[in-house]
Amino acid sequence: MTIIVAKPGEVQFPKGMEGVIARETTKGYVDGQKGKLYYHGIPIEEIAEHSTYEEVFFLLMYDKLPTKDELSILEMRMRQYREIPDAVYDFIKSRAGGYNVHPMSILRTAVSMLAPFDDASEEQAAAEREAIKITSRMATITAAIGRVRRGLEPIHPRYELSHAANFLYMYLGEDQDDFMNRLMDVLLILHADHGCNASTFATLVVISTLADMYSAIVGGISALKGPLHGGANERAMAMLDEIGSEKDAEPWILNAIAKKKKIMGFGHRVYKAYDPRARILHSYAEEITKRAGTERWLNIASTIERVMIAKLGAKGIFPNVDFYSGTVMSSMGIERRLFTPIFATGRVAGWAAHAVEQLKDNRIYRPRFIYVGPVDASYTPIDER
Ligand code: ACO
Numbered sequence: 001m002t003i004i005v006a007k008p009g010e011v012q013f014p015k016g017m018e019g020v021i022a023r024e025t026t027k028g029y030v031d032g033q034k035g036k037l038y039y040h041g042i043p044i045e046e047i048a049e050h051s052t053y054e055e056v057f058f059l060l061m062y063d064k065l066p067t068k069d070e071l072s073i074l075e076m077r078m079r080q081y082r083e084i085p086d087a088v089y090d091f092i093k094s095r096a097g098g099y100n101v102h103p104m105s106i107l108r109t110a111v112s113m114l115a116p117f118d119d120a121s122e123e124q125a126a127a128e129r130e131a132i133k134i135t136s137r138m139a140t141i142t143a144a145i146g147r148v149r150r151g152l153e154p155i156h157p158r159y160e161l162s163h164a165a166n167f168l169y170m171y172l173g174e175d176q177d178d179f180m181n182r183l184m185d186v187l188l189i190l191h192a193d194h195g196c197n198a199s200t201f202a203t204l205v206v207i208s209t210l211a212d213m214y215s216a217i218v219g220g221i222s223a224l225k226g227p228l229h230g231g232a233n234e235r236a237m238a239m240l241d242e243i244g245s246e247k248d249a250e251p252w253i254l255n256a257i258a259k260k261k262k263i264m265g266f267g268h269r270v271y272k273a274y275d276p277r278a279r280i281l282h283s284y285a286e287e288i289t290k291r292a293g294t295e296r297w298l299n300i301a302s303t304i305e306r307v308m309i310a311k312l313g314a315k316g317i318f319p320n321v322d323f324y325s326g327t328v329m330s331s332m333g334i335e336r337r338l339f340t341p342i343f344a345t346g347r348v349a350g351w352a353a354h355a356v357e358q359l360k361d362n363r364i365y366r367p368r369f370i371y372v373g374p375v376d377a378s379y380t381p382i383d384e385r
């Protein structure tokens, strides 16, 4: 018999739906015990070394590595879709620089604004094309938000550049060298997909109602905004700034642990070992901090990592991707508040691929609650309360 009403705590269930299987997927998986991540079966380390964001997007969408022709067709489509309507630029210019306006709110609204400018946005059959459009355009929106936040005019996309190089060009205002462009590519690749995380699940819940792709991606952006998910990178960097110097790192972190504070950039629902994405970023962090003269951040971060693993490693608390992405992005000249929109600009590939997969054998998501409130209550008129 299904229990629908119970006393608080009477029915056991996994809080946060931990471990509940949402659906089958061919996109990728996380082996949290071994600290491994795979996109369609390929280890993330191999992908980060050899692939590009466009190729990873193809892999996630179509479950195979593309041939040269297939890749150049996808690259061409993504380039063609880069530009966004003037009204979206106007909105970004009018609000992104506002006091206390979070760029994720601007990104969420700007992606939503794209839909009414897209005649095909409501077509279920066009879901795949919509996914490519949105993935391409989110880079333009994120770069424009970053420009306006720095008091600068947005820069329009260039056709001939790769997705990552074009993003850096639009954001920083000039062409970057191969190392910077590669690092941007790696950042986007590492954030592209990660199992049934909160934002991917949010995307699936929305698309499972047969709402359009824009609505689904806006759902993903909304879930990613929170500090327990995408917002942790920003906070991890704020922590490094607050600590200020390597010599203060150990006492600061010991004090935070003693006060049972959650240290941003550590811990993970799935990984109980070192996050492989953090390891990849750590190796890039050494090079980029040397180039930028920001070794101080890496030194503070390394001390925090050493103390955290010594104190909490046995509990399965290790650095996650957000711990080193902040140091890397700051050293690239990217401001802290743009970290989560950049995370979204990478993760949109996974959201889109999972949404298209969901549509192939869709069933609307409908978990249920256990009711633990009063029963047999009656309505009391307002004057008698
Ligand atoms: N710092 C200190 N202690 C921690 C941390 C942390 N970052 N994370 C977990 N713990 C401790 C908890 O206090 C808890 O201790 P207890 O057993 O004594 O109560 C234990 O480890 C288990 O932690 P949970 O909270 O149950 O882990 P959960 O799976 O619910 O949460 C989460 C995972 C949200 C990522 C958590 O580790 C956290 O808040 N981390 C900081 C935020 C962060 O970095 N988020 C980014 C996640 S990755 C991503 O979204 C890309």
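Sequence positions in the sequence shown follow our numbering and run 1 to 385.
Idealized CB from N, CA, C, for every residue including glycine.
Own chain residues within Cβ distance below 6 Å of residue i, not counting five before or after
i, result
"Thr203", "Ala216, Gly219, Gly220, Trp351, Ala355"
"Pro66", "Phe58"
"Val30", "Leu37, Gly195, Val270"
"Lys133", "Tyr81"
"Thr140", "Arg82, Ile84, Pro157"
"Glu305", "Pro319"
"Ala115", "Ser121, Tyr214"
Neighbour-count burial assignment, residue i, 16 or more Cβ in a 10 Å radius
i, result
"Pro43", "exposed"
"Ile92", "buried"
"Thr26", "exposed"
"Gln358", "buried"
"Ala285", "buried"
"Met17", "exposed"
"Ser245", "exposed"
"Pro341", "buried"
"Val307", "buried"
"Ser283", "exposed"
"Ser51", "buried"
"Phe343", "buried"
"Leu210", "exposed"
"Gly267", "buried"
"Ile382", "exposed"
Distance, residue j Cα to residue i Cα
i, j, result
"Ala144", "Glu335", "13 Å"
"Val372", "Ile309", "39 Å"
"Val206", "Ile84", "24 Å"
"Ser208", "Trp252", "45 Å"
"Glu45", "Pro276", "8 Å"
"Ala87", "Ala126", "23 Å"
"Ser136", "Tyr379", "53 Å"
"Thr303", "Trp297", "10 Å"
"Val111", "Gln33", "36 Å"
"Asn255", "Phe13", "34 Å"
"Arg158", "Ile21", "42 Å"
"His102", "Arg385", "41 Å"
"Ala353", "Phe318", "28 Å"
"Met332", "Met180", "7 Å"
"Tyr39", "Asp63", "9 Å"
"Ala301", "Glu122", "46 Å"
"Glu49", "Val375", "59 Å"
"Ala314", "Lys247", "25 Å"
"Val186", "Met329", "12 Å"
"Arg108", "Gly346", "15 Å"
"Gly293", "Glu234", "20 Å"
"Asp119", "Lys311", "55 Å"
"Glu242", "Tyr324", "16 Å"
Span of the beta strand (DSSP E), counted from its first residue to its last, around residue i
i, result
"Asp31", "28 to 31"
"Tyr62", "It is not in any beta strand (DSSP E) - Tyr62 instead sits in the alpha helix (DSSP H) that spans 53 to 62."
"Leu254", "First-last for Leu254: 246 to 258, but that is the alpha helix (DSSP H), not the beta strand (DSSP E)."
"Tyr379", "Counting along the chain, Tyr379 falls outside any beta strand (DSSP E), and DSSP gives it neither H nor E."
"Lys36", "36 to 39"
Same chain, Cβ closer than 8 Å to residue i, neighbours up to 5 away in sequence not counted
i, result
"Gly173", "Arg147, Leu152, Ile155"
"Glu54", "Leu71, Leu74, Glu75, Met78, Ser162, His163"
"Gln176", "Ala165, Leu168, Tyr169, Met184"
"Gly97", "Val148, Arg149, Gly151"
"His229", "Asn197, Ala198, Ser199, Ala223"
"Ala232", "Met264, Gly265, Asn320, Asp322"
Cβ shell of residue i (< 7 Å), same chain only, five flanking positions each side left out
i, result
"Ile3", "Val11, Ile370"
"Phe400", "This structure does not reach residue 400, given that the chain is present from 1 up to 385, and the question cannot be answered."
"Pro8", "Val372"
"Gly316", "Lys272"
Span of the alpha helix (DSSP H), counted from its first residue to its last, around residue i
i, result
"Tyr171", "163 to 172"
"Tyr284", "276 to 292"
"Thr203", "198 to 207"
"Gly350", "339 to 360"
"Asp241", "232 to 243"
"Met78", "68 to 80"
"Leu190", "178 to 190"
"Tyr214", "213 to 224"
"His50", "44 to 50"
"Tyr324", "321 to 331"
CB contact check: residue i to chain D, cutoff 7 Å
i, result
"Leu107", "Absence of chain D from the displayed structure is noted, only one protein chain being present."
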